[in-house]
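Asks: Under this note's numbering, the residue at position 118 of the sequence shown is numbered 431, and the numbers go up by one with no gaps. Glycine residues also receive a C-beta, built at the ideal position from the N, C-alpha and C atoms. My questions will all concern the structure given below.
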Amino acid sequence: MQTLIFETAWDKTIAPRDREQIEALFNKTKELFNDGIHFVPIRQAVNHRGDLLISVLIHNFSQEDYLFDKKTLQYKWEEKIIASHTFTLPFHIIKHHTSMPWTFIFPKETCVTTNNFTNGEIKLINP
Numbered sequence: 314m315q316t317l318i319f320e321t322a323w324d325k326t327i328a329p330r331d332r333e334q335i336e337a338l339f340n341k342t343k344e345l346f347n348d349g350i351h352f353v354p355i356r357q358a359v360n361h362r363g364d365l366l367i368s369v370l371i372h373n374f375s376q377e378d379y380l381f382d383k384k385t386l387q388y389k390w391e392e393k394i395i396a397s398h399t400f401t402l403p404f405h406i407i408k409h410h411t412s413m414p415w416t417f418i419f420p421k422e423t424c425v426t427t428n429n430f431t432n433g434e435i436k437l438i439n440p
């Protein structure tokens, strides 16, 4: 059974409306897959430095904890690669059968464009 958790900093600072949105998204998507790591988009934005911020709900549906260390992600929109970057999450491990929100920050220099686009997807390149 999937469990939704919030990283400590998120848990302390998330707005009630955002928490409700994430909980609703979790309830809608928690049974879509049987195995593996999956990313469900929450929102996209560009910060004041021009970095691309992609917020997702990370689902670890597997039976094993997942080490999120030096993983390359691509943000794709309409089959075009918009950004690619390698990430290590500060807590490193996503527990088995756990889901959590996270925002990946793609530095401006890793982005082909930061034009306004929606409905993109995150792809894990090196599982």
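When we look at the beta-carbon of Phe-404 and count the other beta-carbons within 10 Å, is it buried (16 or more) or exposed?
Replies: Phe-404 counts as exposed, since fewer than 16 other C-beta atoms from the protein chains shown sit within 10 angstroms of its C-beta.
Asks: Starting from the Cα of Glu-434, find the closest Cα among Thr-426, Ala-396, Lys-421, Thr-423 and give me that residue.
Replies: Ala-396
Asks: Please classify Ile-438: does DSSP put it in a helix, a strand, or coil?
Replies: DSSP places Ile-438 in the coil class of the three-state scheme, outside both helix and strand.
Asks: Which runs of the alpha helix (DSSP H) at least 4 residues long sit entirely within the segment 330 to 388? Give them in chain order.
Replies: none
Asks: Kindly identify the DSSP beta-bridge partner or partners of His-398.
Replies: Leu-386
Asks: With H, G and I counted as helix, E and B as strand and the rest as coil, what does DSSP make of Thr-423?
Replies: helix
Asks: Determine, using beta carbons only, whether Thr-316 and Thr-411 come nearer to each other than 7 Å.
Replies: yes
Asks: How many Å lie between Asn-432 and Arg-362 at the Cα?
Replies: 22 Å
Asks: Secondary structure at Lys-408, three-state DSSP: helix, strand or coil?
Replies: coil
Asks: Going by the DSSP bridge assignment, what does Ile-418 pair with across the sheet?
Replies: Answer is Leu-366.
Asks: According to the neighbour-count rule (16 or more other Cβ atoms, all chains shown, within 10 Å of its Cβ), is Asn-347 buried or exposed?
Replies: If you draw a 10 Å sphere on the C-beta of Asn-347, you find fewer than 16 other C-beta atoms in it, and that means exposed.
Asks: Can you tell me whether Thr-326 is helix, strand or coil according to DSSP?
Replies: The three-state secondary structure of Thr-326, taken from DSSP, is helix.
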